[in-house]
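K.L.:
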Amino acid sequence: MPTRDETPLGAPAWIDLASSDLEKSKAFYSALFGWTLQEAGPEYGGYINAHKDGKAVAGMITNNPEWNAPDAWTTYFATKDINATLQKAVAHGGTNCLPPMEVPQLGYMALFADPAGAMVGLWQPLAHKGFQLVGEGGAPVWHELNTREYDRAVDFYTTVLGWNTKIEGDSADFRYACAQHDGAPIAGVNDASVGQWALPEGVPAHWAVYFGTDDTDAGAAKATELGGVVLAPAQDTPYGRMALIRDTTGAAFWLCSVDS
């Protein structure tokens with residue numbers, strides 16, 4: 008079971024869902040993934056922590072209408088100096104969306120939009136080190152930026168997050184880069200302007216979250232039974248069998264098969 012006590016710098020450290028109907032989201036994800044949910048308390052704005060097998064895997068919060076943003080998952084990247092990282096992001100074309108703020112005793116968070124508009128979170132940990140479980144069913148297994156500004160994005164994240172970046176694909180219909188830590192991939196950047204994985208017209212650049220499942224087809228069927236929608240049916244890829252799902256309030260995520 009891939010558990011961890013801390014997150015490498017520049018790697019995805021956490022994800023959370025902004026939901027316009029938190030009760031509906033809680034019911035959907037707890038039934039789909041077997042999560043146990045715990046409210047952090049009023050001092051944390053009613054934030055919900057999700058656990059799989061007793062390990063922290065994700066969070067949920069009410070989507071404030073004042074944010075004027077659709078329900079969505081946000082990926083947070085680990086940093087040891089959130090102010091410096093945010094300043095670097097802005098200096099290289101990003102937009103400061105939420106200045107660094109302390110989450111009492113747990114850490115510091117900030118949000119920015121990258122040059123193509125994809126929302127990005129930063130996390131500087133105190134007591135909350137990030138994911139405690141990854142790469143398993145019901146836990147995050149991958150984080151991927153889909154952008155039509157691929158070259159700029161690779162340069163931007165390599166500079167801002169200090170990535171060691173490896174080009175995995177550079178053909179006319181597939182361009183893909185991976186950030187690596189100790190030789191292992193930690194996140195990907197997809198050229199979403201070309202090929203099979205191009206973004207549909209009108210879909211903005213975004214960080215996509217992939218959750219592990221023992222059976223992608225069964226997971227997609229269960230998501231539908233729970234009120235979700237299959238946006239892309241299960242298909243085999245070199246990285247596992249995948250399906251794109253829209254949850255009961257409109258947030259999208261991927262299911263990806265993992266070895267049992």
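If you count by the working numbering, then the sequence shown holds residues 8 to 267, one letter each, in order.
Glycine is no exception: its CB is placed at the ideal position from the N, C-alpha and C atoms.
Predicted, not measured: the structure shown is a model, and the values here were computed from it.
Report the three-state DSSP secondary structure of residue 157 (helix, strand or coil).
P.N.:
Residue 157: helix per DSSP, three-state reduction.
K.L.:
How long is the line joining the alpha carbons of residue 34 and residue 262, rounded to whole angstroms?
P.N.:
Spanning the two alpha carbons is a distance of roughly 18 Å.
K.L.:
With DSSP as the reference, label residue 97 as helix, strand or coil.
P.N.:
Here residue 97 sits in helix by DSSP.
K.L.:
Going by the CB atoms, is the gap between residue 127 and residue 84 shorter than 8 Å?
P.N.:
Contact: yes.
K.L.:
For the beta strand (DSSP E) containing residue 146, name the first residue and the last one.
P.N.:
No beta strand (DSSP E) contains residue 146, which DSSP labels as neither H nor E.
K.L.:
Is it true that the segment 34–48 meets the segment 74–81, where meeting means three or more beta-carbon pairs spaced less than 8 Å apart?
P.N.:
Segments in contact, no.
K.L.:
Where does residue 234 sit, in a helix, a strand or coil, going by DSSP?
P.N.:
If DSSP states are grouped into helix, strand and coil, residue 234 belongs with coil.
K.L.:
State the start and end residues of the unbroken alpha helix (DSSP H) segment that holds residue 34.
P.N.:
Run containing residue 34: 29–40, per the alpha helix (DSSP H) assignment.
K.L.:
Classify residue 19 as helix, strand or coil using the three-state DSSP reduction.
P.N.:
Strand at residue 19.
K.L.:
With a Cβ-Cβ cutoff of 8 Å, do residue 91 and residue 121 count as a contact?
P.N.:
Going by C-beta atoms, residue 91 is not nearer than 8 Å to residue 121.
K.L.:
Please specify which runs of the beta strand (DSSP E), each continuous and at least 3 residues long, are wholly inside the segment 34–80, giving them in chain order.
P.N.:
Segments of the beta strand (DSSP E) lying fully in the segment 34–80: 43–46, 55–59 and 62–69.
K.L.:
Can you tell me whether residue 143 is buried or exposed? The criterion is at least 16 other CB atoms within 10 Å of its CB, across all chains shown.
P.N.:
Result: buried.
K.L.:
In terms of alpha-carbon separation, which member of 97, 40 and 158 lies closest to residue 167?
P.N.:
Out of 97, 40 and 158, 97 has the C-alpha closest to the C-alpha of residue 167.
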